[in-house]
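Here's the structure we're looking at; comments come further down.
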Amino acid sequence: MTTILLTAAEPSGDAMGASLMKALGAARDGLRFVGGGGEAMKAAGLVDPVSTDSLAVMGPVDAIAALPRAKKLANRIGLMAKKEQPDVAVLIDSWAFSKIVAKEIKRHSPHTKLVKLAVPQVWASRPERAKVAAEMFDLLLCLLPFEPQWFEQHGGKAVFVGNPNFQAAASTPRSGPGFRARYGIGDAPLLLLLPGSRQGEVKRLLPVFAEILDEVRAKTPGLRIAVITAASVEAKVKEEASKWEGDIIIVPPTERFDAFDAGDVALAASGTVTTELALTGTPMVVAYKVGPVVAYWAKRVITTPYVTVLNVAAKQEIIPERLQDDCMPAQLCADVTRLFHDDDERRKQISAFRRLLPELIGSEDPSVAATREILALIDGDDSGDLDSGAQG
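Per this note's numbering, residue 734 is the first one in the sequence shown, and the count goes up by one each step.
Written out as structure tokens, the structure reads:
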């Protein structure tokens, strides 16, 4: 029996791990999965999992606070590797945690091959991590098409497999006309507000978003406004938006793709949602604010001029990014209003989306692509031929 150890520290990584486990199980019989993750990986068949739910952090302050927990969990996973002697270990998301776990696994099970799924974003900050990752891992599975080159230049084996979040968004059914009918919007212009999925994001962005509404309404007759919530912040968003003047549509997470399809312009927190909006051809403005400590840290480590993946891929600012001191009501109001009334600006974004998205998304299910590479590594085959390990 082949044993595969997996770890994931974030909810998104847990979902990615569960999807990968299903794809691996479908491609080959007789696989046993052990390691650390959340409820999704446990439901997918992770045996006696070490819970990593306490490790979802953001920024240097949270990361420092989580370090003792991370070391304790990494030690437990290392002892698991000593007992199980896995053929391969797939470490998902969190670079800091993955690095600690990789060292523990190699200490207790030297023959285990190491795979990093979701590589550190060296193109955005701390590029020196690319050399460390290339030397530490036998295989690096990248979510973005421009990432492999960063690791290959240091001798690493890096392969683009795609981002499962992008693939899921691209295949999700949506109906803008249905959304407009449900909420009585008709042909009115519709502004989407997406203040983020973390409590800190909502706390910092939602008040700024609220300040622009009166002026945008004045400049855009008949404007309707919809605030799109994430499950993690739904109650907070509803509470704050209920205090605003005028008719505000509160959109539950289950309807977000319909809302994306219906919207004319979006004002969104930086994150995966920007690519999801691009898939529906919705022009947008990206906004983001962090606390002073994180801002101080970010200024010293971030090396990319852009934070939005589409801008990074385009190597220019297709989507306006208003970060920190630039994330001010007057600037956001001007940007949003321009997208409602300047057809050239709208066309420029939509044209860029159509050009960039096919490459970013890829043509294959990311879990299937990752499975092919992982099984080839187990089999000692550099060709990545999925059929070599398929059963039946």
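Glycine is no exception: its CB is placed at the ideal position from the N, C-alpha and C atoms.
None of these values were measured; they are calculated from a predicted model.
In chain order, what residues of the same chain lie with their CB nearer than 7 Å to the CB of tryptophan 856, ignoring the 5 residues before and after it?
Result list for tryptophan 856: Phe879, Glu880, Trp883, Thr1037, Val1045, in chain order.
Just to confirm, is the Cβ distance from alanine 866 to valine 852 under 8 Å?
Cβ atoms of alanine 866 and valine 852: closer than 8 Å.
Classify methionine 813 as helix, strand or coil using the three-state DSSP reduction.
If DSSP states are grouped into helix, strand and coil, methionine 813 belongs with the helices.
For a minimum of 3 consecutive residues, which ranges assigned as the beta strand (DSSP E) are wholly contained in the segment 821-900?
The qualifying runs are 821-825, 846-850, 872-875, 891-893.
Looking only at its chain, what residues have a beta carbon closer than 6 Å to the beta carbon of phenylalanine 912, apart from the 5 residues adjacent to it on each side?
Excluding residues within five positions, the ones whose Cβ falls inside 6 Å are Asp991, Ala992, Ala995.
Name the DSSP beta bridge partners of alanine 1000, please?
The residue you asked about is not alanine; residue 1000 is leucine in the sequence shown. Partner(s): Leu926, Val1018.
Mapping DSSP to helix, strand and coil, what is leucine 779?
It is coil, neither helix nor strand.
Using the DSSP secondary-structure output, state which residues sit across from glycine 770 in a beta bridge.
Paired residues: Ser784.
How about arginine 1033: is its Cβ closer than 7 Å to a heavy atom in the ligand SAH?
The model on display carries no ligand, and the ligand SAH is accordingly not part of it.
Quick one: what's got a C-beta closer than 6 Å to lysine 846's C-beta in the same chain, skipping five residues either side?
Cβ within range, chain order: Val821, Asp871, Leu1110.
What is the residue span of the beta strand (DSSP E) that isoleucine 958 lies within?
Segment 957-961, the beta strand (DSSP E) holding isoleucine 958.
Please identify the residue among Gly1095, Leu946, Ala751 whose C-alpha is closest to the C-alpha of leucine 926.
Comparing Cα positions, the closest option is Leu946.
Under a three-way DSSP split, which group does glutamate 978 fall into?
Coil at glutamate 978, not helix or strand.
Classify methionine 774: buried if its beta carbon has 16 or more other beta carbons within 10 angstroms, exposed otherwise.
Buried.
Are the segment 994-1010 and the segment 967-975 touching by the rule of at least three beta carbon pairs closer than 8 Å?
Output reads no: the segment 967-975 does not touch the segment 994-1010.
By how many angstroms is the C-alpha of alanine 968 removed from the C-alpha of aspartate 997?
Approximately 25 Å between the Cα atoms of the pair.
Are the CB atoms of glutamate 934 and alanine 1002 nearer to each other than 8 Å?
It is a contact, given that the beta carbons lie within the stated cut-off.
Just verifying my parser: in three-state terms, what is the DSSP assignment at glutamate 1054?
Of the three classes helix, strand and coil, the one that applies to glutamate 1054 here is strand, per DSSP.
Let me confirm a value: glycine 1004 is counted as buried when at least 16 other C-beta atoms fall within 10 Å, else exposed. Which label applies?
The residue in question, glycine 1004, is buried, as its Cβ has 16 or more Cβ neighbours within 10 Å.
Rank Asp980, Ser965, Ala901, Leu956 by C-alpha distance to the C-alpha of serine 752 and give the top, closest one.
Out of Asp980, Ser965, Ala901, Leu956, Ala901 has the C-alpha closest to the C-alpha of serine 752.
How big is the Cα-Cα spacing for alanine 959 and isoleucine 981?
Cα-Cα distance, rounded: 6 Å.
What did DSSP end up calling arginine 761 once you bin it into helix, strand or coil?
Note: arginine 761 maps to coil in three-state DSSP.
DSSP on valine 941, reduced to helix/strand/coil?
Residue state, collapsed to three classes: helix.
Apart from the five residues just before and just after aspartate 920, which ones in its own chain have a Cβ nearer than 7 Å to its Cβ?
Cβ neighbours of aspartate 920 beyond the five flanking positions: none.
In whole angstroms, what separates the C-alpha of phenylalanine 942 from that of tyrosine 1039?
Approximately 21 Å between the Cα atoms of the pair.
Classify valine 1042 as helix, strand or coil using the three-state DSSP reduction.
The answer is helix: DSSP assigns valine 1042 an H, G or I state.
Classify valine 984 as helix, strand or coil using the three-state DSSP reduction.
The answer is strand: DSSP assigns valine 984 an E or B state.
At the level of alpha carbons, what is the spacing between phenylalanine 1073 and valine 1026?
Distance between the alpha carbons of phenylalanine 1073 and valine 1026 is about 35 Å.
What is the DSSP secondary structure of aspartate 1118, counted as helix, strand or coil?
For aspartate 1118, the predicted model reports a pLDDT of 46, less than 50, meaning its position is unreliable; a value from the coordinates is still stated below. Note: aspartate 1118 maps to coil in three-state DSSP.
Could you please give the first and the last residue of the uninterrupted beta strand (DSSP E) stretch that includes threonine 740?
First-last of the beta strand (DSSP E) with threonine 740: 735-740.
First and last residue of the alpha helix (DSSP H) that includes threonine 1129?
It is not possible to answer for residue 1129, since the shown part of the chain is limited to 734 through 1125.
Among all the DSSP beta bridges, which residues are the ones paired with isoleucine 1035?
For isoleucine 1035, which the question treats as bridged, DSSP gives the partners Ser858.
Using a Cβ cut-off of 8 Å (strictly closer), state whether arginine 950 contacts chain C.
Of the protein chains in this structure there is only one, and it is not chain C.
Which residue's Cα is closest to the Cα of cysteine 691: Leu824, Gly955, Leu850, Met754?
The chain is shown only over 734 to 1125; residue 691 falls outside these bounds and no answer can be derived.
Give the C-beta separation of leucine 779 and glycine 768 to the nearest angstrom, bearing in mind that I take them to be a contact with Cβ-Cβ under 8 Å.
With a Cβ gap of about 6 Å, leucine 779 and glycine 768 count as contacting.
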